[in-house]
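Input: a single structure, listed below in structure tokens.
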Amino acid sequence: MEKPDLLRTLNEIYAEEVEAAIRYLHMAVTIKGMYRLALRDELLEAMRETMDHARVVAEKVLEMGGVPALDLKVQLPGEMTTGAEAVRTAVAFEQGAQEAYADLLEAAAGDVAMEEFARAQVALESEHLAHFRLLLEE
Ligand SMILES: [Fe+2]
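According to the numbering used here, the sequence shown is numbered sequentially starting from 1009.
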């Protein structure tokens, strides 16, 4: 893949990670019911880790000679979230992240350092995905 395309892919992942972190925050503060006790800290930890991924991806953009750009479209309603909704949403986020890094791995073919980064992220996001999937009740 050409460098501009790789930079665009990285910037898209940067925005996805920031957006996911914001959504994790919002879920953490709006979660209701008994699940609030079990899931709030879990969601806040996911927020911190996701925001950290965003920072690392932004640094990858800089390493490639680009400038991180954020195109965010996040609007979150003032509604409480159930535990089941939060877990389903977390599964969707983690799956999205795993796929985004798998795409990056493909796009980075030949760039060994970027391939290794993408591969490590795929492994990490796969662990997160498995973790939240185990919390699904159905
Ligand atoms: Fe994750």
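Just so it is clear, CB atoms sit at the ideal spot from N, CA and C, and this is done for glycine as well.
Since the model is a prediction, treat every value here as computed from it, not as a measurement.
Is any heavy atom in ligand 1 found nearer than 8 Å to the beta carbon of residue i?
i, result
"Ala1054", "yes"
"Thr1058", "yes"
"Glu1050", "no"
"Phe1125", "no"
"Leu1047", "no"
"Glu1107", "no"
"Glu1133", "yes"
Here's a check: name, in chain order, each residue in its chain whose Cβ is nearer than 8 Å to the Cβ of residue i, leaving out the five neighbours to either side.
i, result
"Thr1090", "Ile1039, Lys1040, Gly1041, Tyr1043"
"Val1075", "Val1069"
"Arg1141", "Val1099"
Sorted by chain position, which residues of the same chain lie with C-beta nearer than 6 Å to residue i's C-beta, five sequence neighbours on each side aside?
i, result
"Thr1017", "Leu1112, Ala1115"
"Ile1021", "Val1065, Ala1108"
"Phe1101", "Ala1028"
"Ala1126", "Tyr1109, Leu1112, Leu1113, Ala1116"
Measuring alpha carbon to alpha carbon, tell me which residue in the options is nearest residue i.
i, options, result
"Met1122", "Phe1101, Leu1078, Glu1087, Val1064", "Val1064"
"Ala1033", "Glu1010, Thr1058, Gly1118", "The question names Ala, but residue 1033 is Leu in the sequence shown. Out of Glu1010, Thr1058, Gly1118, Thr1058 has the C-alpha closest to the C-alpha of Leu1033."
"Arg1096", "Glu1027, Glu1024, Leu1051, Pro1012", "Leu1051"
"Asn1019", "Met1035, Val1037, His1061, Gln1103", "His1061"
"Val1082", "Leu1014, Leu1143, Glu1025, Leu1144", "Glu1025"
"Met1072", "Arg1127, Ala1036, Asp1119", "Asp1119"
Between which two residues does the alpha helix (DSSP H) containing residue i stretch?
i, result
"Leu1047", "1043-1071"
"Asp1013", "1011-1038"
"Glu1093", "1091-1115"
"Met1088", "Premise fails: Met1088 is in no alpha helix (DSSP H) and is neither H nor E."
"Val1120", "1120-1143"
Less than 7 Å between C-beta atoms, sequence neighbours within five positions excluded: which residues of the same chain meet that for residue i?
i, result
"Arg1056", "none"
"Gln1106", "Val1130, Glu1133, Ser1134, Leu1137"
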